[in-house]
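To start, the structure under review is shown below, and the notes come after it.
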Amino acid sequence: MSILYFLIGCSILMALIFLLAFFWSLKNGQHDDVHTPGIRILFDDDVTEEKSDKDHISQ
Amino acid sequence: METQSVLNQAVCYHCGDELNLSKITYDEKEFCCIGCRNVYQFLSENNMCNYYAYNDNPGSRIAGLGHFEYLDEPTIARQLIDYTDKENTIVTFYIPAIHCSSCIWLLEHLYKVNQAIFNSRIDFLKKQVTISFKHQQISLRKVVEILAGIGYEPLISLQDVVKEKSNSVNKSLILKIAVAGFCMGNVMLFAFPEYFGLSELEKNFQHLFGWLNLAFCIPVTFYCARDYFKSAIASLKHGMVNLDTPLALIIAVLFIRTTVAAIFNTPSFADTLTGLVFLLLMGKWVKQRTYHHISFDRDYRSYFPIAINVLKEGKEKPTSINEIQVGDRLLIRNGELIPADSILLKGEAWLDMGFVTGESDPQQKVLGEIVYAGGRQIGEAIELEVVKPASQSYLTGLWNKENYKASSKTTNFNDSVAKVFTITVFVIAFASAGYWYYFNDTIKAWSAFTSVIIVACPCVIALSTPFTLSAILSVFDKKDFYVKNTDAVEQLATFNTIVFDKTGTLTSTEEANIHFTGKLTEYEEMLVASLLYQSSHPLSRQVLKTLQVKKILETEHYEEVPGKGLKASVDGVEVFAGSKRMMPFSINAKENGGVHIVINNEYKGCYTVEQQWRKNLNLLISKLQHKFKLALLSGDTNKDEQYLKLVFGENMQMLFNQSPHEKLNAIKQKQFHGEKVMMLGDGLNDAGALKQSDFGIAVTDNINNFTPGCDAILKGDSLHYLPNFIQLSKDGLKTIKICFAIALIYNCVGLFFAVQGTLYPLVAAVLMPISTITIISFTSVATRYFARKNNLI
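Next comes the structure, spelled out in C-alpha cells:
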C-alpha cells in the first residue's frame with residue numbers, strides 16, 4: 002500500500018502543473034478577452050479561394 | 098400589418114437607414130448617401146463583401162471625415178503608440194462604432210486593404226482594436242484614415258481611454274482565487290477519507306494528510322487572505338472595526354488550529370479554512386464586476402481633441418493640447434472645439450456653447466472678446482490667442498475644484514453590523530471558555546473558544562451583499578441602466594431629493610418634431626426639397642424627410658456655407674435655406690435657430706425643430722412626487738416653464754439660465770441643508786453637478802456616446818423606470834437583512850455545538866457550505882422575485 006504515497010505525490014504534482022499552466026495563461030493575456038474569439042471562429046475563410054477560382058475561369 | 102410595412106420599407110444596403118428620395122443605386126444595391134456607397138465600393142473593390150454576409154446593413158453612416166494631420170507630428174503620435182521598433186508599430190484605438198460581428202470581420206481583415214497592416218485584433222467588449230503595421234510603408238495617419246474611410250473612425254481624445262483601463266487589480270484577485278481553489282480542491286481530497294471514517298489501513302495516512310493540509314493552508318492564509326489581515330490591522334489602528342476584522346480573526350484561528358491538529362495528529366479544520374477563503378474571494382470578485390464598454394470616470398479631456406493647429410510664423414503646426422501656452426495663436430476650423438480660454442483675433446466667431454451651457458443657439462462673438470473653452474466654432478475658420486492654458490480654463494475649473502464630496506465615507510450596512518457582531522462573538526467566546534476553565538477543563542476551554550469564533554463566521558454577510566447587489570446590477574443593465582459598482586447600488590436606496598436637468602434629460606435629443614411656421618405651395622416644397630437634397634447636413638436630411646414631394650428638380654450654382662446654410666438656383670428660382678445669417682436680407686422672425694427659407698427674395702418661414710419630451714414623463718413625475726423632493730436645474734431659458742409646472746406641480750423649485758457653476762452650487766446648497774441629492778443630467782454642463790451630487794446619473798440616448806463622470810448611466814428610453822430602480826435597490830437591502838437573519842439561525846446551531854467544546858471539524862465543514870449555498874440561492878431567488886414585482890423582468 003505504500004504505492005499510495007507515490008500516487009499522492011503524483012496527484013499533487015499534476016495539479017501543480019495545471020495551476021502553473023493557468024498562471025501562465027493569465028499572464029499571457031488569454032483571459033483578457035473571452036468574447037471575441039467565440040465570434041471570430043465562425044468566420045469563413047473562403048474569400049481568397051473564390052478569387053483564385055475566378056482568375057482561373059477568366060484565364 | 099405593421100410588420101409587413103417594415104419589411105417592405107427600403108433601407109440602405111450599407112447602414113440600414115430608411116431610404117428617401119435621395120437614394121443612390123449602385124451595383125444593384127440601394128444606398129442612402131454617397132458616403133455609404135463609397136464604403137461599399139471600396140469594400141467590393143478590395144473583395145471584402147463578406148462584411149455584408151454576416152449581418153444585414155452592418156455599416157454606420159459616415160459623419161464627415163476628420164482631419165488627422167496632427168498624427169504626422171511625432172510627439173503626438175508617440176502618445177498613442179503602444180510599441181514601436183525599427184520596422185513595426187503597434188497601436189490600440191478605441192472605436193465607438195464597433196457593434197457587430199461584421200465589424201470584427203472587417204477590422205480583422207485590414208491586411209486586405211493594405212499589405213503594410215499585417216495584424217489587427219479586436220476586443221469586442223472594450224471596443225478596441227490593436228493594429229500592427231510596418232511604419233516604413235504606411236504612416237499612422239494613413240492607418241487612421243483607412244479606418245475612418247470605412248466608417249470606423251477611432252476616438253482620439255485628450256483622455257486616453259485605452260491606456261487608463263488597466264485591469265491589473267483584477268488579475269491579482271484572479272490569481273488568488275486560483276490558488277485558493279487549487280488548495281481547497283486538494284484539501285477536500287485529503288479530508289474525504291476522514292468524513293467516511295478511517296479504516297485501520299488508512300490511519301497510517303492521517304499524519305501525512307495533516308501535514309499536507311497544513312502545507313496547503315500556508316499559501317491560502319499568507320497569500321490569498323493577505324488583504325483581510327492588512328485591512329483588519331489598518332482599521333484596528335484607527336480604532337474601528339470593519340467586516341474584515343472578524344474575518345481575519347477567524348482565518349487566523351483556523352490556521353492555528355490546523356497547525357495544532359497537524360502536530361497532534363487530530364482532525365483538522367483545513368477544509369473549512371480553504372473553503373472560507375475561496376468563497377470570500379469569490380464574493381470579492383463578484384463585487385468587482387464592472388462594465389468593460391462603459392467608462393464612468395470621463396472628464397472634460399474625453400471631449401477635447403488631442404491636438405489643435407497652432408499658427409507659428411504664418412504656418413500651421415499641429416500641437417498637443419497639453420503643450421499649448423499662453424500667447425499661442427490657434428486656428429479653429431468649422432466644427433472644431435476651442436480647447437482653452439482665448440481672445441478672438443480674426444474671423445467671424447459663431448460658437449455653439451451647447452456643450453458648456455446647454456443652450457443650443459450659437460452665439461456670436463466680436464473681435465477682442467474672450468471665448469471660453471468648450472465652444473464649438475460653426476462657420477469659417479477663426480484665429481484666437483490663448484489667455485489661459487487648457488488645464489485652467491473656466492470649463493475645466495469644474496473638475497479641478499477640490500471641494501467635491503469626500504469619497505464615500507458613508508458606512509454601509511456591512512460595516513455597521515460587523516461591529517456589533519464582533520463584540521457579541523467575543524463575549525460568547527470568552528464566556529464559554531471561562532465556563533470550561535472554571536470546571537478545570539483547559540482543553541475544552543481552548544476548543545470552545547476557538548470553535549465559537551470559527552462557527553460564528555460572518556462570511557454569509559460578506560457574501561450576501563455582493564451576490565445580491567450584483568444580481569440587482571444585472572437586472573438593471575437589462576433595462577439599460579448601468580450602475581458603476583455594487584456600492585453604488587446600495588447608495589441608490591438612500592435619497593430624498595432628485596434634481597433633473599431639462600435639455601437632453603427630460604427631453605430626447607434624437608426624436609424631434611419639425612414644424613414649418615409659414616406655408617408653402619406644392620411647387621415651393623419641391624424647390625426646397627431639391628435644394629436640401631444636395632446637402633448631407635443632418636438638419637437638411639431631417640427636414641427633407643418631412644417633405645413629401647414627387648420629384649427632384651434641376652439645381653444649379655449650388656453653394657453650401659458651413660455653419661450657415663445652402664443656396665442654389667432650382668428650376669431657375671433662387672432658393673436659400675439655413676440660418677438667418679445665410680439669408681440675402683435681414684429677417685425679423687422670432688425663431689433664432691431652425692432652417693429659414695427664402696424663395697425668390699421672399700421670406701417664406703422657418704422649419705423649427707422642437708424638442709420632444711420623453712415618453713411617460715407625466716407618469717414618472719407623479720410616481721416620484723410623493724416619495725421625493727423634486728427640483729429642476731436648466732441651463733436653458735424658461736420658455737417651457739408653463740408646461741413643466743403642469744407636469745411637476747406648482748410648488749416645485751425650478752431654476753433656469755443656470756451656468757454649470759451655478760448648478761454645482763445649487764446642489765451644494767441642498768446638501769448643506771442635509772438633503773441627499775440624486776442628480777440626473779446629460780451634458781458637460783451638468784458635469785460639475787453630477788460629480789457634486791451624492792448620486793449622479795448621466796442620461797443618454799446612446800450608451801456609446803460620451804457621458805460625463807457619474808455613478809450610473811441611464812438610457813433615455815428607460816427614464817420612466819427610475820422609481821422601479823430605486824425601489825428594487827431598497828428591496829435589495831431588505832434581502833441582505835433577511836440573509837443576515839438566516840445566517841444567524843445557522844450560527845445559533847453551530848454555537849450550540851461550539852460552546853460545549855464538541856465542534857467536530859466535520860460539522861463546521863458541512864455547516865459552512867450549506868449556509869453559503871442557502872444564502873446564494875436565496876439572494877438570487879429573492880432578487881428575481883423583487884425584480885418581477887417591480888416590473889423590471
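Residue numbers (the numbering used here), protein chains in the order written: chain A, 2 to 60; chain B, 98 to 890. Ideal Cβ positions, reconstructed from N, Cα and C, are used throughout, including at glycine.
With fewer than three CB-CB distances shorter than 8 Å, the stretch 839-859 of chain B does not count as touching the stretch 597-607 of chain B. A straight-line Cα-Cα distance of about 12 Å links B:V695 and B:S666. In the DSSP annotation of this structure, B:H758 is not part of any beta strand (DSSP E); the continuous alpha helix (DSSP H) holding it starts and ends at 757-769. Pairing A:I18 with B:F319, the inter-Cα distance amounts to about 21 Å.
In the structure shown, the three-state DSSP call for B:G675 is strand. In the structure shown, the three-state DSSP call for B:H634 is coil. Distance from the CA atom of A:H36 to the CA atom of B:Y191, rounded to whole angstroms, is 17 Å. B:K742 carries a helical assignment under DSSP once its states are collapsed to helix, strand and coil.
Two segments are said to touch when three or more pairs of C-beta atoms, one from each, lie closer than 8 Å; by this definition the stretch 477-496 of chain B touches the stretch 416-431 of chain B. The beta carbon of B:I353 is closer than 8 Å to those of T547 in its chain, skipping five residues each way along the sequence. Within the same chain, Cβ atoms closer than 7 Å to the Cβ of B:N154 are found at V108, C109, Y110, H111, C112, G113, the five residues on either side in sequence being excluded. For B:C703, the three-state secondary structure derived from DSSP is strand. With fewer than three CB-CB distances shorter than 8 Å, the stretch 174-192 of chain B does not count as touching the stretch 124-141 of chain B.
Identification of chain B residues near A:A16 by a Cβ-Cβ cut-off of 8 Å yields F279, G282, N283, ordered along the chain. Every beta strand (DSSP E) of 3 residues or more that sits fully in the stretch 647-673 of chain B is shown, in chain order, as 652-658, 662-667. Judged by DSSP in its simplified three-state form, B:M776 adopts strand. Contacts with chain A at 8 Å (Cβ-Cβ) do not include B:I550. Shortest Cα-Cα distance from B:F682 to any of B:G669, B:K701, B:V423 involves B:K701.
Contacts between A:F24 and chain B, judged by CB atoms closer than 8 Å, involve L272, A275 in chain order. About 5 Å separates the Cβ atoms of B:F564 and B:I873, confirming a contact at the 8 Å cut-off. Listed in chain order, the non-local C-beta contacts of B:I867 below 8 Å within the same chain comprise Y843, local neighbours out to five positions each way being set aside. Under the three-state reduction of DSSP, B:M337 is assigned to coil, being neither helix nor strand. Contact between the stretch 281-295 of chain B and the stretch 232-243 of chain B is not established, with fewer than three Cβ pairs separated by less than 8 Å. Considering only B:S544, B:D341, B:C130, the residue with the shortest C-alpha distance to B:K516 is B:D341. Close to chain A, meaning a Cβ-Cβ distance shorter than 7 Å, are the following residues of the stretch 210-221 of chain B: I219, D220, F221.
As for any beta strand (DSSP E) of minimum length 3 sitting wholly inside the stretch 378-463 of chain B, the runs are 404-409, 412-417, 426-429, 439-443, 446-449, 460-462, ordered along the chain.
A distance below 8 Å separates the beta carbons of B:G278 and B:F375. The beta carbons of B:V796 and B:G785 sit about 16 Å from each other, so the pair does not count as a contact at 8 Å.
Setting aside the 5 residues that flank it on each side, B:D791 is surrounded in the same chain by K773, V774, each with a C-beta closer than 6 Å to its C-beta; the list follows chain order.
Annotated three-state conformation of B:R218 is strand, per DSSP. Sequence-distant Cβ neighbours of B:D179 in its own chain, meaning closer than 8 Å and more than five residues away, are I187, V188, T189, T227. Exposed is the label assigned to B:W308, since fewer than 16 other Cβ atoms lie within 10 Å of its Cβ.
The DSSP-derived three-state label of B:F792 is strand. Sorting B:S490, B:P459, B:T371, B:L859 by C-alpha distance to the C-alpha of B:I421 places B:S490 at the top.
The C-beta of B:S627 has 16 or more other C-beta atoms within 10 Å across all chains shown, which makes the residue buried. With contact defined as three or more Cβ pairs closer than 8 Å, the stretch 328-341 of chain B and the stretch 816-833 of chain B are not in contact.
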